[in-house]
Each structure stands twice: as structure tokens, then as C-alpha cells.
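**Q** Structure incoming, see below.
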Amino acid sequence: MAKQIWISDIQDGNYDDSEVEIKGWIHRFRGSKKIWFMVIRDSTGTIQCVIKKEIVGEDVFNLLRNSLTESSLVIKGIVIQTDREHGRELQVTSGKIIGSVNPEKPYPITESAMEEAEGGETEFLLDKRHLYLRTSRMTKMLKIRSSVFSAIHSFFRDLDFIEYQAPNFVAGAVEGGSTLFEVPYFGRKAYLTQSWQLYAEAAMPALERLYTIAPSFRAEKSRTRRHLTEFWHAEMEVAWASNEEIMNYGEKLVRHISSSLIDERSAELEAVGRDLDKVSKFADMTFPRMKYDEAIEILQSKGVDVEWGQDLDYSKEKILTQDFEVPNFLTHYPKIAKPFYHRADPDDDKYVLCHDLLAPEGYGEIIGGGERTWTEKEILERIDEEGTPRDAYEFYIDIRRYGGVPHGGFGLGVDRVCAWLSGADHIREVIPFPRDSRRVTP
Ligand code: ATP
Ligand code: MG
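In C-alpha cells form, the structure reads like this:
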């Protein structure tokens with residue numbers, strides 16, 4: 404197969420004055436009866452194509468001139484350097500349409516359609532999500548997202564972590580029953596997994612260092628800018644590790660993701676409006692650590708109505724993180740605010756050895772993690788204390804009966820990290836087909 408020539412390579416000056424063939428889609432057009440200008444897009448960029456009737460002949464000229472936005476084509480031309488803002492141009496010599504667009508059903512995403520949409524622009528674009536993906540902003544978000552995934556894989560693999568998969572149909576909750584999705588399962592009930600963690604702990608004595616990136620499902624009823632019902636969860640579990648050590652992994656991972664984005668996706672970040680200096684700071688600076696009690700004092704001093712023992716929801720995290728420059732760890736939450744698998748602090752068992760990493764600028768929690776309750780005696784006490792039925796967790800308790808060891812891990816919300824690092828207003832901007840309580844289509 405002939406090597407495909409990318410528009411970005413042409414714009415980088417690798418083909419000046421040569422004749423090239425490019426493949427792409429018509430982005431916009433204008434012109435007259437003798438000269439036609441088309442901006443062509445491929446996955447790497449755009450180029451203006453100048454089509455003159457006297458060069459391409461009447462038939463090709465008319466064919467291209469009558470083709471609508473988003474028609475796909477193969478086009479040949481000479482690369483011309485210009486001093487205009489849009490960069491190089493293609494002086495077209497020939498072209499053919501591959502996939503045409505029916506004039507009775509033109510490409511629906513237009514300025515006027517967005518303005519006139521009955522349910523508003525946001526809902527309109529969500530309805531047309533399958534087409535919206537090819538817009539310039541979404542393309543950039545998807546590239547940033549891909550680099551975030553690749554940075555997470557490289558981080559863990561470089562540290563010799565093993566990638567490990569857990570089932571998505573499960574019998575019990577990790578994060579509380581209120582966000583469980585129930586599915587009929589051959590006359591029984593099963594649930595979609597909220598986290599990989601419990602099954603990862605089963606493999607901890609086998610692998611010692613393990614990670615995954617997988618979907619997690621949570622029936623989040625309220626729609627917020629940082630909750631999806633199906634999100635991508637990067638989770639890790641390590642044997643013999645303390646809360647402190649697990650936090651160090653989390654900090655290094657987030658800094659590694661930030662620096663990988665600076666290396667690979669600076670252009671995309673700037674194009675979506677992100678200040679690169681801020682992302683560089685996330686890559687370079689260390690992340691401060693603060694205890695839950697201190698956070699409550701700060702919030703109370705700011706006049707926030709919050710009581711000791713409450714988990715911090717988005718509204719409180721937003722106020723707390725508004726003035727942060729970099730992510731901050733919050734540690735030592737009260738035991739009553741956290742599920743049974745969090746290990747009680749041996750120095751003061753009102754607290755658990757856990758951490759949340761809160762991103763700055765109001766984004767809030769991107770990581771939740773900590774040490775696990777690891778002895779059989781303690782796990783039984785914690786489960787009973789919480790009033791959780793033991794049945795669904797029999798396997799989880801059993802793991803602790805055969806050589807339990809201190810261990811722990813964390814879960815990082817990949818979509819949340821993408822939203823924060825790209826500066827998106829809403830988590831749905833960074834995932835191709837966002838799922839929330841109101842939408843499972845398209
Ligand atoms: P929150 O309080 O914001 O709902 P959580 O405490 O339920 O978060 P964890 O159970 O600790 O979150 O999950 C680990 C990480 O997974 C979170 O820090 C977050 O980054 C991500 N996460 C959790 N729920 C969602 C969701 N519904 N949509 C997107 N990401 C999520
Ligand atoms: Mg939650």
C-alpha cells in the first residue's frame with residue numbers, strides 16, 4: 404500500500420513544491436465559477452485547496468464545486484508555500500469524490516442549526532455526537548485522551564506492574580449500594596462493577612504489583628460536571644505498601660501524565676484553551692498533603708456548613724481546591740465516612756489510612772485510595788460494624804485467611820484527569836459517548 408501523506412507533514416514543510424495525493428473530508432468551501440477554495444481536513448490537520456477550472460478541467464471542477472461539507476475525497480496537487488495564517492496550500496491538479504453527501508440531507512452540524520436547536524446547543528450536539536466527534540475540538544480532546552491512556556500504561560509497565568483484568572458482572576458493592584447498577588442474570592441479580600479493586604486484592608498475593616484501565620459503572624443519579632455512569636478507571640494494587648507509599652505512586656503517576664501531555668500534546672492543549680504553564684506546574688511541583696481534620700477547619704473558616712464525619716462532596720471540594728496551585732492529598736478521613744475495606748489507623752481508630760487527591764481550580768477528587776483492612780479479624784469487625792451482609796464478600800474475606808499482608812492501592816478517574824488537564828468545563832467533553840442518568844444514545 405502506498406504510504407499515506409498526512410496534511411500535518413505537508414504543513415510542516417516536508418513536501419514543498421512537490422505533487423502530492425491526500426485523502427480527507429471537505430471542511431468548508433467558497434468561490435466562484437472559475438476558482439473554488441476548499442479546506443480539506445484529515446486526522447492530522449487542514450489545508451486549503453485551490454481549484455482552478457483551467458487546470459483541472461470542467462468535469463472535475465464541477466464535481467468538486469457541487470460537493471458538500473463532509474464529502475470524502477482523494478485529491479492531488481502541488482504544495483505551495485504561502486505567508487497566510489492557514490499555512491501551505493494545494494494547487495489542485497485532479498480530484499475525485501469517494502463518499503458523497505446527499506444534498507437532501509446535508510451535514511447537520513452548522514452554526515445556525517446550533518443556534519436554532521430546540522433543546523439548546525449542548526443537547527443538539529449530544530444527539531449528533533456520532534458526527535460531532537469529527538469536529539476540531541473533539542478530535543483534539545480524543546488525542547489528549549489517548550496520550551493520557553498511554554502515559555498510564557507506560558508509567559505502570561516501567562515499574563514492572565502487571566496488567567490484570569477483573570470481571571464486570573459482580574455480586575457486591577465496592578462504593579456503596581446506592582450507585583449499583585442491577586442487571587438480571589439468569590434468574591438471579593448481578594451488578595455492574597463499580598471498581599476492580601476487590602478482585603485485584605485476590606491477585607495481590609500472586610502478582611504483588613498490578614494495575615488496570617477499565618470501565619467502572621455507577622448509577623449516579625445527580626448529573627454533575629464530573630460524574631458519568633460509565634467511566635474509565637485506572638486502578639492499582641500493591642503488596643506490602645503503606646498509605647504513604649501508595650500516595651507517592653499516585654503523585655508520580657499524575658505528574659507523569661502531565662509531563663507526557665506537555666511532550667506529546669502541547670499543540671492540542673493550547674488549541675482547546677489550556678494554559679501550558681499550569682500543566683507544566685502539575686508535572687514539576689510536589690503535591691502537598693493535609694489531614695481531613697485540617698480541611699474541615701479550612702472549610703469552616705470559610706463559612707461552609709460542614710460537620711466532622713461527613714464525606715466531602717463536590718460543592719465542598721470545589722471551595723477547598725479553588726485556591727490550590729497543584730493537586731493536594733487529603734488523608735485520614737473519619738472511619739464513619741468510608742467503606743469497610745479502608746484500614747483503621749492503628750494510632751487512632753476514629754480514622755482510616757486513606758487518601759483522596761484533589762485537583763486544583765475547583766476540579767476536586769481525581770484519585771481515591773489507601774491501605775486495605777488486611778486481617779481476617781479486622782475485616783469481619785468492619786463488615787459487621789457497617790451492617791453489610793457478609794455473603795457477597797465471602798471470597799474477599801477468604802483472601803485474608805491465607806497469609807494476609809499489608810497492602811493497598813488507588814483508583815484514578817481517567818476521564819476526570821482528562822477533563823482537568825485539558826481545562827474542560829464538563830467531563831462529557833473528553834469522552835466520545837458520555838453516559839449519564841438521562842442519556843444512553845447515540
Ligand atoms: P465522588 O465522591 O466524586 O463521587 P468517589 O469517592 O465515589 O468520587 P472513588 O470511589 O474513590 O470515587 O473512585 C476513585 C476515582 O474514580 C475517583 O477519585 C474519581 O476520579 C473516579 N470516579 C468515581 N466516580 C466517578 C464517576 N461517576 N464518573 C467519573 N469518575 C468517577
Ligand atoms: Mg462517588
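According to this note's numbering, the sequence shown is numbered sequentially starting from 404.
By construction, the Cβ of each residue, glycine as well, lies at the ideal position given by its N, Cα and C atoms.
Quick one: residues in its chain with C-beta nearer than 8 Å to the C-beta of residue 724, no 5 flanking neighbours on either side, listed in chain order?
**A** Translated into positions along the sequence shown, residue 724 becomes position 321. These residues qualify, in order along the chain: 731, 761, 762, 763, 764, 765, 766 and 767.
**Q** Which value, in whole angstroms, describes the spacing of the CA atoms of residue 646 and residue 810?
**A** Taking the sequence shown and counting its residues from 1, the one referred to as residue 646 is at position 243. Taking the sequence shown and counting its residues from 1, the one referred to as residue 810 is at position 407. Their Cα atoms are separated by approximately 9 Å.
**Q** Taking the continuous alpha helix (DSSP H) assigned at residue 551, which residues delimit it?
**A** Taking the sequence shown and counting its residues from 1, the one referred to as residue 551 is at position 148. Element bounds for residue 551: 539-561.
**Q** When you measure from the CB of residue 630 to every non-hydrogen atom of the ligand ATP, does any distance come out below 6 Å?
**A** Within the sequence shown, numbered from 1, the residue matching residue 630 stands at position 227. Because some heavy atom of the ligand ATP lies under 6 Å away, the Cβ of residue 630 counts as near it: yes.
**Q** Assign residue 568 to one of two classes, buried (16 or more other C-beta atoms within 10 Å of its C-beta) or exposed (fewer than that).
**A** Looking up residue 568 in the sequence shown gives position 165. So residue 568 ends up on the exposed side.
**Q** Going by C-alpha distance, which of 663, 652 and 428 is nearest residue 539?
**A** Sequence index remark: in the sequence shown, residue 539 carries index 136 (1-based). Closest by alpha carbon: 428.
**Q** Can you find a heavy atom of the ligand ATP that lies under 6 Å from the Cβ of residue 634?
**A** By one-based count along the sequence shown, residue 634 stands at place 231. Residue 634 Cβ: within cutoff of the ligand ATP.
**Q** CB of residue 768 to nearest heavy atom of the ligand ATP: below 6 Å?
**A** Counted from its first residue, the sequence shown places residue 768 at position 365. At least one heavy atom of the ligand ATP is nearer than 6 Å to the Cβ of residue 768, so yes.
**Q** Could you check whether residue 736 and residue 695 sit closer than 7 Å to each other, using their CB atoms as the reference points?
**A** Start at 1 with the first residue of the sequence shown, and residue 695 comes out as number 292. Start at 1 with the first residue of the sequence shown, and residue 736 comes out as number 333. Contact flag set, yes.
**Q** Measuring only from the beta carbon, is residue 580 closer than 6 Å to any heavy atom that is part of the ligand ATP?
**A** Along the sequence shown, read from residue 1 onward, the residue named residue 580 stands at position 177. No; taking the cut-off as 6 Å, the Cβ of residue 580 has no heavy atom of the ligand ATP nearer than that.
**Q** When you compare the CB positions of residue 812 and residue 771, do they come within less than 7 Å of one another, or not?
**A** Translated into positions along the sequence shown, residue 812 becomes position 409. Translated into positions along the sequence shown, residue 771 becomes position 368. No.
**Q** With DSSP as the reference, please indicate the residues paired to residue 475 in a beta bridge.
**A** Taking the sequence shown and counting its residues from 1, one reaches residue 475 at position 72. According to DSSP, residue 475 bridges with 428 and 502.
**Q** Less than 7 Å separating the beta-carbons of residue 671 and residue 531?
**A** Here residue 671 refers to the residue found at position 268 when the sequence shown is read from its first residue. Here residue 531 refers to the residue found at position 128 when the sequence shown is read from its first residue. In this structure, residue 531 does not lie closer than 7 Å to residue 671 by Cβ.
**Q** Quick check on this structure: which residue in 692, 706, 709 and 758 has the alpha carbon closest to the alpha carbon of residue 729?
**A** For the purposes of this step, residue 729 is taken as the residue at position 326 of the sequence shown. Comparing Cα positions, the closest option is 692.
**Q** Taking 7 Å as the limit between beta carbons, can you name the residues of its chain near residue 722, skipping five residues before and five after?
**A** Indexing the sequence shown from 1 puts residue 722 at position 319. Same-chain partners within the cutoff: 702, 705 and 707.
**Q** With contact counted as at least three CB pairs below 8 Å, one residue from each stretch, are the stretch 599-606 and the stretch 561-577 in contact?
**A** Output reads yes: the stretch 561-577 touches the stretch 599-606.
**Q** Spatial neighbours of residue 839 within its chain, please: C-beta separation below 8 Å, excluding the five flanking residues on both sides.
**A** Counting from one through the sequence shown, the residue named residue 839 turns up at place 436. Contacts found: 623, 626, 630, 631, 632 and 831.
**Q** Would the beta-carbon of residue 816 be found less than 6 Å away from any heavy atom of the ligand ATP?
**A** As a first step, residue 816 must be located in the sequence shown, where it is residue number 413. The answer is yes for residue 816.
**Q** Beta carbon of residue 559, beta carbon of residue 818: below 7 Å?
**A** The count along the sequence shown starts at 1 and reaches residue 559 at position 156. The count along the sequence shown starts at 1 and reaches residue 818 at position 415. No, the Cβ-Cβ distance between residue 559 and residue 818 is not below 7 Å.
**Q** Using the Cα positions of residue 409 and residue 595, report the straight-line distance between them to the nearest angstrom.
**A** The residue given as residue 409 occupies position 6 in the sequence shown. The residue given as residue 595 occupies position 192 in the sequence shown. Roughly 41 Å between the two C-alpha positions.
**Q** For residue 449, count neighbouring Cβ atoms within 10 angstroms of its own Cβ and tell me buried if that reaches 16, exposed if not.
**A** In the sequence shown, counting from the first residue as 1, residue 449 sits at position 46. Residue 449 is buried by the Cβ-count criterion.
**Q** Could you check the C-alpha separation between residue 820 and residue 636 for me, to the nearest Å?
**A** Translated into the one-based positions of the sequence shown, residue 820 becomes position 417. Translated into the one-based positions of the sequence shown, residue 636 becomes position 233. So the two alpha carbons sit approximately 10 Å from each other.
**Q** Under the criterion of a Cβ to heavy atom distance below 6 Å, does residue 846 qualify as lining the ligand ATP?
**A** No statement about residue 846 is possible, as the shown extent of the chain runs from 404 to 845 and does not include it.
**Q** Of the residues 405, 714, 445 and 682, which one's Cα is nearest the Cα of residue 668?
**A** Sequence index remark: in the sequence shown, residue 668 carries index 265 (1-based). The shortest C-alpha separation from residue 668 is found at 682.
**Q** So which of 598, 689 and 518 has the shortest CA-CA distance to residue 656?
**A** In the sequence shown, counting from the first residue as 1, residue 656 sits at position 253. The residue with the shortest Cα to Cα distance from residue 656 is 689.
**Q** Starting from residue 593, follow the alpha helix (DSSP H) in both directions and report where the run begins and ends.
**A** For the purposes of this step, residue 593 is taken as residue 190 along the sequence shown, with counting starting at 1. Element bounds for residue 593: not the alpha helix (DSSP H) but the beta strand (DSSP E), 591-595.
**Q** Using a threshold of 6 Å, is the CB atom of residue 623 nearer than that to any non-hydrogen atom of the ligand ATP?
**A** Residue mapping note: residue 623 aligns to position 220 of the sequence shown, counting from 1. For the ligand ATP, at least one heavy atom lies less than 6 Å from the Cβ of residue 623.
**Q** What three-state label does DSSP hand residue 512 in the structure shown?
**A** In the sequence shown, counting from the first residue as 1, residue 512 sits at position 109. Looking at residue 512 - three-state DSSP - the assignment turns out to be coil, as it is neither helix nor strand.
**Q** Taking contact to mean at least 3 C-beta pairs separated by less than 8 Å, is the stretch 713-720 in contact with the stretch 776-793?
**A** No: the two stretches stay apart, fewer than three of their Cβ pairs being nearer than 8 Å.
**Q** Should residue 492 go down as buried or exposed, given a rule of 16 or more other Cβ atoms within 10 Å for buried?
**A** Residue numbering aside, residue 492 sits at position 89 when the sequence shown is read from its first letter. The residue in question, residue 492, is buried, as its Cβ has 16 or more Cβ neighbours within 10 Å.
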